[in-house]
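Numbering (our numbering), first residue to last: 1144 to 1331.
Contents: one structure, followed by commentary.
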């Protein structure tokens, strides 16, 4: 049977003895499970983040996962699948949610590489990126690894406005001709 309910079956033995069996079938629903707190992108220099799962009481697994935290540095560069598994203790029904995140390498300034500067830094969320090259990609992330801005430079000086962002540290990732550079932005 595939539907919950009460079923009555009559069983006949070859010798003529009949039996009536009543079965009450309960079909328990699979729990709805969600993994939260994981951004789409992180730098391997970003701090660990706390994960949450609903319903509570499940387990997290995947590269860089310890308990209920995800450490991008421990996971290493690449694309990673993080899983939250939950089993209902009353029904023993289980389910899982998988979220994929990408960890990029945080590189410092390399000799002879980019001479980009952020002015002013610290700032109020509005600043210029000077020394850019047309075609240079730039992305800005918060400390949780959430991508806030992704653009391609058109000019040697780009004005950036990060509206409604809290005071704190942000990361600028520059990509140009196969090289990557990471810089800190401070909003006060």
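Ideal placement from N, C-alpha and C gives every residue a C-beta, glycine not left out.
- One Cα belongs to residue 1204, the other to residue 1227, and the distance between them is close to 7 Å.
- For residue 1178, the closest C-alpha among the options 1170, 1165, 1192 and 1153 is that of 1192.
- For residue 1210, no beta strand (DSSP E) segment is defined, and its DSSP state is neither H nor E.
- A residue is called buried once 16 or more other Cβ atoms fall within 10 Å of its Cβ, and residue 1302, having fewer, is exposed.
- DSSP places residue 1296 outside both helix and strand once states are collapsed to three, so it counts as coil.
- Closest in C-alpha terms to residue 1319, from the list 1220, 1313 and 1297, comes 1297.
- Within the stretch 1146 to 1206, the complete beta strand (DSSP E) segments of 3 residues or longer fall at 1148 to 1155, 1161 to 1168, 1177 to 1179, 1184 to 1186, 1195 to 1197 and 1202 to 1204, listed in chain order.
- Unbroken beta strand (DSSP E) stretches of 3 residues or longer found wholly inside the stretch 1215 to 1283: 1221 to 1230, 1237 to 1247, 1260 to 1262 and 1269 to 1273, given in chain order.
- Distance check between residue 1316 and each of 1292, 1299 and 1307 places 1292 closest, using alpha-carbon atoms only.
- Of the candidates 1201, 1182 and 1167, 1182 places its Cα closest to the Cα of residue 1214.
- The stretch 1296 to 1330 contains, as complete beta strand (DSSP E) runs of 3+ residues, the segments 1300 to 1304, 1311 to 1319 and 1322 to 1330 (chain order).
- Separation of residue 1152 and residue 1173 (C-alpha to C-alpha, rounded to the nearest whole angstrom) is 28 Å.
- Note: residue 1290 is bridge-paired with 1284 in the DSSP secondary-structure output.
- Excluding sequence positions up to five before and after residue 1247, its CB lies within less than 8 Å of the CB of 1184, 1185, 1186, 1187, 1220, 1316 and 1323, all in the same chain and listed in chain order.
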